[in-house]
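Contents: one structure, followed by commentary.
There are 6 protein chains.
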Amino acid sequence: MTQRADGRTPDQLRPIAIERGWSGQAEGSALISFGETKVLCTASFTNGVPRWLTGKGRGWVTAEYAMLPRATNERNQRESVKGRIGGRTHEISRLIGRALRAVVDTRALGENTIVIDCDVLQADGGTRTAAITGAYVALADAIEWGREKKFVAQRSQVLTDSVAAVSAGIIDGVPMLDLPYVEDSRAETDMNIVVTGRGLFVEVQGTAEGAPFDKRELDALLELGVDGCAQLRSHQLAALGQEG
Amino acid sequence: MTQRADGRTPDQLRPIAIERGWSGQAEGSALISFGETKVLCTASFTNGVPRWLTGKGRGWVTAEYAMLPRATNERNQRESVKGRIGGRTHEISRLIGRALRAVVDTRALGENTIVIDCDVLQADGGTRTAAITGAYVALADAIEWGREKKFVAQRSQVLTDSVAAVSAGIIDGVPMLDLPYVEDSRAETDMNIVVTGRGLFVEVQGTAEGAPFDKRELDALLELGVDGCAQLRSHQLAALGQEG
Amino acid sequence: MTQRADGRTPDQLRPIAIERGWSGQAEGSALISFGETKVLCTASFTNGVPRWLTGKGRGWVTAEYAMLPRATNERNQRESVKGRIGGRTHEISRLIGRALRAVVDTRALGENTIVIDCDVLQADGGTRTAAITGAYVALADAIEWGREKKFVAQRSQVLTDSVAAVSAGIIDGVPMLDLPYVEDSRAETDMNIVVTGRGLFVEVQGTAEGAPFDKRELDALLELGVDGCAQLRSHQLAALGQEG
Amino acid sequence: MTQRADGRTPDQLRPIAIERGWSGQAEGSALISFGETKVLCTASFTNGVPRWLTGKGRGWVTAEYAMLPRATNERNQRESVKGRIGGRTHEISRLIGRALRAVVDTRALGENTIVIDCDVLQADGGTRTAAITGAYVALADAIEWGREKKFVAQRSQVLTDSVAAVSAGIIDGVPMLDLPYVEDSRAETDMNIVVTGRGLFVEVQGTAEGAPFDKRELDALLELGVDGCAQLRSHQLAALGQEG
Amino acid sequence: MTQRADGRTPDQLRPIAIERGWSGQAEGSALISFGETKVLCTASFTNGVPRWLTGKGRGWVTAEYAMLPRATNERNQRESVKGRIGGRTHEISRLIGRALRAVVDTRALGENTIVIDCDVLQADGGTRTAAITGAYVALADAIEWGREKKFVAQRSQVLTDSVAAVSAGIIDGVPMLDLPYVEDSRAETDMNIVVTGRGLFVEVQGTAEGAPFDKRELDALLELGVDGCAQLRSHQLAALGQEG
Amino acid sequence: MTQRADGRTPDQLRPIAIERGWSGQAEGSALISFGETKVLCTASFTNGVPRWLTGKGRGWVTAEYAMLPRATNERNQRESVKGRIGGRTHEISRLIGRALRAVVDTRALGENTIVIDCDVLQADGGTRTAAITGAYVALADAIEWGREKKFVAQRSQVLTDSVAAVSAGIIDGVPMLDLPYVEDSRAETDMNIVVTGRGLFVEVQGTAEGAPFDKRELDALLELGVDGCAQLRSHQLAALGQEG
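Chains as they are written, first to last, in full-length UniProt numbering: chain E, 1 to 244; chain H, 1 to 244; chain G, 1 to 244; chain L, 1 to 244; chain P, 1 to 244; chain W, 1 to 244.
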């Protein structure tokens with residue numbers, strides 16, 4: 001089997017660490033690492049919903065993704081300085097929000113809003129997938145906070161499942177899981193897969209960076225992704241003290 | 001077989017029309033309709049490349065997507081008035097650009113830039129897929145324009161393949177092709193598939209709007225998409241007068 | 001008499017076409033052509049008025065003008081990408097709004113808002129005058145839509161007159177009507193004239209592009225403009241099926 | 001003859017004052033008053049032209065208009081705070097620039113740039129016309145400064161004429177000259193007229209604020225405007241010490 | 001004793017002039033000069049407070065600082081044109097607001113808002129200190145206006161003290177008061193001191209522009225500043241007709 | 001002696017921690033804590049200087065400060081989402097930059113640029129002083145990085161001194177050092193003091209939040225600040241392995 005630069009096998013995740021409750025300010029938080037990629041996820045719980053949702057008996061979950069200017073190998077100008085948010089940032093923020101909402105029963109949440117901020121402190125590939133995986137932990141804690149404060153009904157099941165995400169790609173013809181920057185930049189095909197704890201797809205995004213790909217390659221990447229997300233689920237459960 | 005509101009079978013495209021050369025100003029253009037969805041695609045050819053690409057012997061193809069304020073059933077505020085481009089617009093512009101670049105040999109293009117503008121004049125679902133499909137026709141004509149003007153080498157093969165895109169989704173459990181707005185808003189799973197003329201994937205984006213989906217559903221949607229794109233390819237060839 | 005590049009006499013309009021009801025989404029619409037200039041005008045009717053007008057028993061009519069990036073011979077950057085609206089766009093939007101309001105009895109309209117969007121799909125001079133002329137048709141239909149929906153009182157006369165606009169200019173000393181781009185860019189004096197169906201002035205804007213002009217020249221341009229607007233009125237009536 | 005609120009006859013200007021050289025920093029400047037309207041006009045002379053004009057042997061004159069937030073009876077939010085320039089500001093800046101360029105021979109100016117800033121310190125109607133009239137004085141001095149510094153050729157005649165502007169309007173059926181705010185807000189028709197020292201038109205902008213107007217009314221306003229500008233020319237010459 | 005370029009002694013202010021009531025529109029105003037530095041200060045009084053303060057029985061005083069583009073020796077681009085306010089402008093606006101609020105009893109003001117605009121018409125160093133000193137005069141008049149209109153209680157003491165500001169700096173080792181631009185740009189240490197009429201500090205901002213400074217130098221600058229502010233207080237009282 | 005809520009004496013710093021080299025990407029970095037306040041400081045070294053400084057033989061050091069949206073007790077909207085940087089952010093960024101430049105010999109640095117990013121991950125008062133103190137450590141390492149890469153001359157002494165900063169304030173009449181949020185919000189007078197390793201002042205900013213203050217209070221705060229900075233210097237030296 002192909003050996004990767006960091007010694008992993010093609011179907012192996014990088015070392016995963018989830019530091020739950022990193023923030024003393026947020027209602028839920030997690031500092032998650034996928035190898036050298038580090039993302040701080042905080043969940044802010046507010047009683048009430050945006051005006052357009054008022055009175056419908058449903059809550060709202062949304063997310064914002066951003067990167068510190070020197071998270072990457074070369075410094076990027078701040079989006080606040082540019083005066084506008086780039087397309088990539090928008091795209092990832094929307095992806096994280098959709099992924100989380102896929103496992104939230106907004107009726108059970110009640111008229112409460114949870115905003116998840118995913119700030120990349122250090123970037124080495126896979127920042128969006130680490131963000132989704134960590135955001136789930138922060139979200140779970142924020143919901144429990146809301147329950148303790150009686151904003152969320154005692155027995156309502158707000159989370160219908162867990163959710164995690166991982167990247168996969170084809171490098172020199174070999175499908176590989178969880179790409180660091182050095183692999184990501186060489187991948188012919190790049191895929192991000194968001195999978196629930198029950199093993200169902202929430203989002204599948206495959207892009208031909210080099211040559212277009214066929215069904216067989218797509219299937220190989222999906223299989224890697226589903227397996228990777230199952231492992232990430234174990235890390236999430238462990239962080240939340242729910243393993244069993 | 002399930003009958004759809006507009007009388008189509010689940011695997012049938014809406015009526016497709018491609019009015020090639022709609023614009024008297026652009027180097028390439030097409031007004032494309034997928035049913036009531038109408039997108040004006042213009043290709044602007046410029047000799048030279050952006051500064052960051054200068055001197056590398058390669059060209060550049062990029063795209064911008066936008067919607068007229070009253071393309072939709074309710075009027076949307078203009079992005080120019082808001083002073084910023086929304087996340088959805090950014091996301092689709094990037095998708096169109098990637099799709100087109102997947103079939104362009106930028107070395108063969110030489111140091112030339114082609115900007116494709118896809119402006120939605122009327123929206124009824126599938127605007128991004130119509131945009132990609134029409135943009136290919138505009139792009140092909142702009143490349144020929146560049147060849148006639150001697151900016152592109154006489155025998156260089158700039159286009160390595162054709163490219164088209166279509167949506168598919170699961171509605172009431174049934175996989176269906178090319179969703180108009182009324183279906184799209186009800187779909188449990190929504191997929192956009194970008195396929196080359198040779199039948200390879202350029203981009204696969206599947207999203208669970210309602211319940212997460214499994215591998216079998218994903219495969220059904222992919223199959224519909226590949227067939228739909230093959231039909232769209234025929235329309236493209238006909239419009240370009242290349243059939244045979 | 002001087003022959004123009006396109007064979008017209010100095011006092012002749014370009015071929016005028018008004019495709020009423022082009023949009024299947026808007027409450028009123030018209031795709032208008034003045035020769036190669038094509039403007040899509042849509043009217044969006046909303047029951048209710050902006051907050052500052054609430055409770056005064058009066059309606060509101062406003063307009064927004066914009067140009068597709070490749071409407072012109074060279075591509076222009078989108079105003080949404082620049083992040084701001086240019087002075088020319090602002091100026092023309094305001095002009096169209098004033099022109100339409102001059103023939104609307106806002107009391108008779110009741111507390112309803114009509115926003116007219118004029119998007120230039122192709123530009124060859126005279127875009128603002130085509131926009132006003134087409135906008136009147138879209139506006140008339142939107143008012144009738146409001147009447148059918150009972151938002152506008154059955155017998156109230158909302159439109160007090162019709163309105164049309166045309167350009168005129170002096171080229172090589174000869175006053176000429178309805179200038180295409182090639183003439184407009186050579187004109188010494190450039191005038192836009194907005195005239196009601198009864199032949200009264202709503203707006204007169206004359207600008208010395210080259211040499212300042214005298215009263216005799218001004219009068220010649222005004223006369224051309226009044227005659228041109230009378231012809232445009234016939235086209236409007238025909239499009240609306242009101243000719244007699 | 002109708003008596004106006006401030007005691008003037010219909011064809012009388014408000015008291016005009018031009019304080020030439022108000023600024024100790026600018027190459028040319030004038031603080032101009034039309035009654036209570038006060039505009040500070042400064043001309044900034046720079047050797048060289050914007051990039052797009054380089055090497056063509058011609059200079060550039062442009063203008064920017066703005067209003068202090070409390071120039072008016074109620075405070076307006078600053079455009080810098082809003083983050084964008086309003087349509088009215090854009091429109092007036094462009095008008096002032098065109099008016100000045102109409103009397104400048106840009107070849108005689110040589111490759112030099114003059115930016116005229118017109119900042120309204122106090123507003124009581126007619127700010128754009130006061131701005132044009134004062135800007136001419138600032139411009140004339142800046143050109144002389146450039147001549148002294150040898151940036152402008154000794155004998156070149158940069159100014160081909162003088163230029164001034166005034167408003168006129170119809171109030172209760174009576175054509176009146178130079179409207180203060182209280183009259184302007186009541187005018188049925190509002191006109192701004194820009195006239196050269198030789199009595200030729202540079203710009204004529206007439207707008208029906210209430211009822212559309214006819215040719216006779218238009219002529220009456222034009223006549224008032226031409227006479228008013230002739231008087232303003234005397235004030236300009238006096239300020240510049242050129243009378244007689 | 002060191003002689004300065006303009007003939008002053010190190011502890012001498014530039015000629016101070018305060019033209020109270022310069023604006024005919026604002027509820028309070030002052031055109032203040034510190035030598036060639038001229039700042040127009042207007043105070044806009046509004047009955048009511050921003051939403052976040054409603055119902056707390058307290059008023060609000062805030063300030064905005066700006067500079068005309070040609071107030072300085074070289075023209076600066078307008079912040080409205082740039083589309084954003086610079087850091088320096090923000091910083092000074094906040095400083096002026098804090099300085100004024102330090103002498104206002106917001107309970108005594110009642111639920112009223114006063115916005116002070118300080119627009120620099122000509123700049124020669126010390127613009128922020130002139131702005132604070134003039135703003136106090138405009139503020140005092142606006143409060144009296146509010147009292148006359150019965151928005152402010154008859155006997156309430158809104159102003160608890162007066163406030164003035166001045167700069168000081170060390171040049172060639174010598175502490176000097178009230179620096180014009182030519183001295184300011186050479187100062188090793190630059191200090192702005194805001195002092196109440198009773199001689200207490202509201203704000204002390206000392207910055208090492210060149211070498212860091214020691215306690216002895218700091219004390220010398222503070223002493224100059226306190227003395228300078230005492231003199232400015234006399235000018236303020238004279239302008240307000242309160243001397244005695 | 002007064003006991004503080006967290007048990008400190010009035011002249012005691014909060015627990016200080018400096019994690020040098022936190023970032024694997026930046027040329028210098030430090031994660032600094034002042035109690036619960038945590039700031040990530042990264043220094044980005046670039047060979048070359050901004051255009052306006054080119055060819056002068058001098059380098060450039062600048063800083064940007066920002067706060068994560070949920071660094072504070074309530075979530076703040078991102079400045080990138082607002083589309084503009086707030087006054088407070090601007091002010092602090094400028095302060096940090098000035099503080100660092102005060103101890104840098106830009107000639108010795110050579111034509112190199114160092115940008116320091118200070119991102120507040122968690123905020124509990126004193127974020128700007130923690131930022132300056134941590135930024136010095138990141139800066140020192142970035143300079144050494146530049147020396148190793150031969151961008152900085154081997155023996156040049158770029159840092160002329162060290163620099164640290166701390167806050168002090170008067171609470172219930174007692175001067176106290178290094179205020180957390182709960183004290184800062186109650187302080188009558190608030191001071192930020194930036195002091196070099198040799199004990200000289202770089203910046204002194206004292207503000208009366210409540211009552212104005214006198215010279216005696218100012219002196220007490222300065223003394224606390226100087227002592228606090230001396231202790232911070234020890235932490236900096238320890239982190240840099242320079243103690244002794």
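Note that beta-carbon positions come from the ideal geometry of N, C-alpha and C, so glycine has one too.
Exercise. So, is E148 of chain H buried or exposed, given that buried needs 16 or more other C-beta atoms within 10 angstroms?
Worked result: The residue you call residue 148 of chain H lines up with position 148 of the second sequence. Under this definition E148 of chain H is an exposed residue.
Exercise. Is any beta-carbon of chain W found at less than 8 Å from that of N73 of chain E?
Worked result: As a first step, residue 73 of chain E must be located in the first sequence, where it is residue number 73. Chain W, which has a Cβ nearer than 8 Å to the Cβ of N73 of chain E, makes this yes.
Problem set entry | Cβ-Cβ distance between P180 of chain W and G125 of chain W below 8 Å | Translated into the one-based positions of the sixth sequence, residue 180 of chain W becomes position 180. Translated into the one-based positions of the sixth sequence, residue 125 of chain W becomes position 125. Yes, the Cβ-Cβ distance between P180 of chain W and G125 of chain W is below 8 Å.
Exercise. Hey, how far is the Cα of A71 of chain H from the Cα of A168 of chain H?
Worked result: Numbered from its first residue, the second sequence carries residue 71 of chain H at position 71. Numbered from its first residue, the second sequence carries residue 168 of chain H at position 168. When rounded, the distance between both Cα atoms is 22 Å.
Exercise. Can you give the beta carbon distance from A135 of chain W to A63 of chain W, rounded, assuming they're within the 8 Å contact cut?
Worked result: Reading the sixth sequence from its first residue, position 135 is the one you call residue 135 of chain W. Reading the sixth sequence from its first residue, position 63 is the one you call residue 63 of chain W. The pair is a contact, with the Cβ atoms about 6 Å apart (cut-off 8 Å).
For this session: Write down the C-beta distance between R20 of chain L and A239 of chain L rounded to the nearest angstrom, noting that I regard them as a contact closer than 8 Å.
Result: What you label residue 20 of chain L is simply residue 20 of the fourth sequence in a count that begins at 1. What you label residue 239 of chain L is simply residue 239 of the fourth sequence in a count that begins at 1. At roughly 5 Å, the Cβ-Cβ gap stays under 8 Å, so R20 of chain L and A239 of chain L are in contact.
Exercise. Does DSSP put S185 of chain E in a helix, in a strand, or in coil?
Worked result: Looking up residue 185 of chain E in the first sequence gives position 185. Judged by DSSP in its simplified three-state form, S185 of chain E adopts coil rather than helix or strand.
Problem set entry | Proximity below 8 Å, CB of I171 of chain L to CB of R155 of chain L | As a first step, residue 171 of chain L is located in the fourth sequence; it is residue number 171 there, counting from the start. As a first step, residue 155 of chain L is located in the fourth sequence; it is residue number 155 there, counting from the start. Cβ distance not < 8 Å, so I171 of chain L and R155 of chain L don't count as in contact.
Problem set entry | Environment of S29 of chain P [buried if 16+ CB atoms lie within 10 Å] | Counted from its first residue, the fifth sequence places residue 29 of chain P at position 29. Result: buried.
Problem set entry | Per-residue contacts from S93 of chain L into chain G (C-beta, under 8 Å) | Looking up residue 93 of chain L in the fourth sequence gives position 93. Against S93 of chain L, the close residues of chain G are G87, in the order they occur along the chain (beta-carbon pairs closer than 8 Å).
Exercise. Tell me which same chain residues have a C-beta within less than 6 Å of the C-beta of G197 of chain H, skipping the five on either side of it?
Worked result: The count along the second sequence starts at 1 and reaches residue 197 of chain H at position 197. Closer than 6 Å at Cβ, skipping near neighbours: D161, S162, R233.
Problem set entry | Same chain, Cβ closer than 6 Å to A17 of chain E, neighbours up to 5 away in sequence not counted | Here the question's residue 17 of chain E lines up with position 17 in the first sequence. Closer than 6 Å at Cβ, skipping near neighbours: S33.
For this session: Give the single residue among H:D105, H:K150, H:L100 whose Cα lies nearest to the Cα of V194 of chain H.
Result: Here residue 194 of chain H refers to the residue found at position 194 when the second sequence is read from its first residue. Among H:D105, H:K150, H:L100, the Cα nearest to that of V194 of chain H is on H:L100.
For this session: For the region 82–92 of chain W and the region 107–117 of chain W, state whether three or more C-beta atom pairs, one from each stretch, are separated by less than 8 Å.
Result: no
For this session: Consider the C-beta atom of G146 of chain W and the heavy atoms of the ligand MN; say whether any pair is separated by less than 7 Å.
Result: Among the components of this structure there are no ligands whatsoever, and the ligand MN is therefore not found.
For this session: Over the uninterrupted beta strand (DSSP E) stretch that includes T62 of chain P, give me the two end residues.
Result: Position 62 of the fifth sequence, counting from 1, holds the residue named residue 62 of chain P. From DSSP, the beta strand (DSSP E) with T62 of chain P extends over 60–67.
Problem set entry | Nearest-angstrom beta carbon gap, L159 of chain W and V226 of chain W [assumed within contact, 8 Å] | Sequence index remark: in the sixth sequence, residue 226 of chain W carries index 226 (1-based). Sequence index remark: in the sixth sequence, residue 159 of chain W carries index 159 (1-based). Actually they do not touch by this definition, with Cβ atoms about 20 Å apart.
For this session: Check distances from the C-beta atoms of the region 2–32 of chain H to those of chain E and list, in chain order, the residues that come in under 8 Å.
Result: none
For this session: Can you grab the Cα-Cα spacing for the pair A165 of chain P / K38 of chain P, in whole Å?
Result: If you number the fifth sequence from 1, residue 165 of chain P lands on position 165. If you number the fifth sequence from 1, residue 38 of chain P lands on position 38. Taking the straight line from one Cα to the other gives about 15 Å.
For this session: Compare the C-beta of A63 of chain P against all C-beta atoms of chain L and say whether one is closer than 8 Å.
Result: Position 63 of the fifth sequence, counted from the first residue, corresponds to residue 63 of chain P. No, no contact with chain L.
Problem set entry | W52 of chain E burial status per 10 Å Cβ neighbour count (16 or more: buried) | Locating residue 52 of chain E in the first sequence gives position 52, counting from the first residue. Around the beta carbon of W52 of chain E, fewer than 16 other beta carbons lie within 10 angstroms, which makes this residue exposed.
Problem set entry | Closer than 8 Å to chain P by CB, R98 of chain W | Counting from 1 along the sixth sequence, the entry for residue 98 of chain W is found at position 98. Yes, its Cβ sits closer than 8 Å to a Cβ of chain P.
For this session: Give, in chain order, every unbroken run of the beta strand (DSSP E) that is at least 3 residues long and sits entirely within the region 163–214 of chain H.
Result: Entirely contained in the region 163–214 of chain H, the beta strand (DSSP E) runs reaching 3 residues are, in chain order, 163–171, 174–177, 189–196, 201–208.
Exercise. Measuring CA to CA, which of H:A66, H:L222, H:D214, H:P212 is closest to R216 of chain E?
Worked result: The residue labelled residue 216 of chain E in the question sits at position 216 within the first sequence. Minimum Cα-Cα distance from R216 of chain E among the listed residues H:A66, H:L222, H:D214, H:P212 corresponds to H:L222.
Exercise. Taking buried to mean at least 16 other C-beta atoms within 10 Å of its own C-beta, is T9 of chain L buried or exposed?
Worked result: Taking the fourth sequence and counting its residues from 1, one reaches residue 9 of chain L at position 9. With fewer than 16 other Cβ atoms within 10 Å, it is exposed.
Exercise. E188 of chain E versus chain H: which residues are under 9 Å apart at the beta carbon?
Worked result: Translated into positions along the first sequence, residue 188 of chain E becomes position 188. What E188 of chain E touches in chain H: nothing, since even the nearest Cβ is about 11 Å away.
Exercise. Of all the beta strand (DSSP E) runs that stay within the bounds of the UniProt domain "Exoribonuclease phosphorolytic" (12–142) of chain H, which reach a length of 3 or more residues?
Worked result: 16–20, 28–34, 37–47, 60–67, 112–122
Problem set entry | As assigned by DSSP and simplified to three states, the class of L159 of chain E | Position 159 of the first sequence, counting from 1, holds the residue named residue 159 of chain E. If DSSP states are grouped into helix, strand and coil, L159 of chain E belongs with the strands.
Exercise. Buried or exposed: which applies to D73 of chain L, given that a residue is buried once 16 or more other Cβ atoms fall within 10 Å of its Cβ?
Worked result: As a first step, residue 73 of chain L is located in the fourth sequence; it is residue number 73 there, counting from the start. The sequence given here places Asn at residue 73 of chain L; Asp does not occur at that position. Its Cβ having fewer than 16 others within 10 Å, N73 of chain L is exposed.
Exercise. Measuring CB to CB, does R58 of chain E end up less than 8 Å from T133 of chain E?
Worked result: Start at 1 with the first residue of the first sequence, and residue 58 of chain E comes out as number 58. Start at 1 with the first residue of the first sequence, and residue 133 of chain E comes out as number 133. No, the pair does not count as a contact, with Cβ atoms beyond the cut-off.
For this session: Determine, using beta carbons only, whether Q122 of chain H and E36 of chain H come nearer to each other than 8 Å.
Result: Stepping through the second sequence from its first residue, residue 122 of chain H is reached at position 122. Stepping through the second sequence from its first residue, residue 36 of chain H is reached at position 36. Yes, the pair counts as a contact, with Cβ atoms nearer than the cut-off.
Problem set entry | Neighbour-count burial assignment, Q236 of chain W, 16 or more Cβ in a 10 Å radius | Here residue 236 of chain W refers to the residue found at position 236 when the sixth sequence is read from its first residue. Buried, because 16 or more other Cβ atoms sit within 10 Å of the Cβ of Q236 of chain W.
For this session: Apply the 10 Å Cβ neighbour rule to V49 of chain G and answer buried if 16 or more other Cβ atoms are within range, or exposed otherwise.
Result: The sequence position of residue 49 of chain G within the third sequence is 49, counting from 1. Buried: at least 16 other Cβ atoms inside 10 Å.
For this session: Evaluate T129 of chain H with the Cβ neighbour count: other Cβ atoms within 10 Å of its Cβ, from every protein chain shown; 16 or more gives buried, anything less gives exposed.
Result: Looking up residue 129 of chain H in the second sequence gives position 129. With 16 or more Cβ atoms within 10 Å of its Cβ, T129 of chain H is classed as buried.
For this session: Return the residue from the list W:G199, W:V204, W:G24 that minimises the CA-CA distance to D190 of chain W.
Result: Looking up residue 190 of chain W in the sixth sequence gives position 190. When each option's Cα is compared against that of D190 of chain W, the closest is W:V204.
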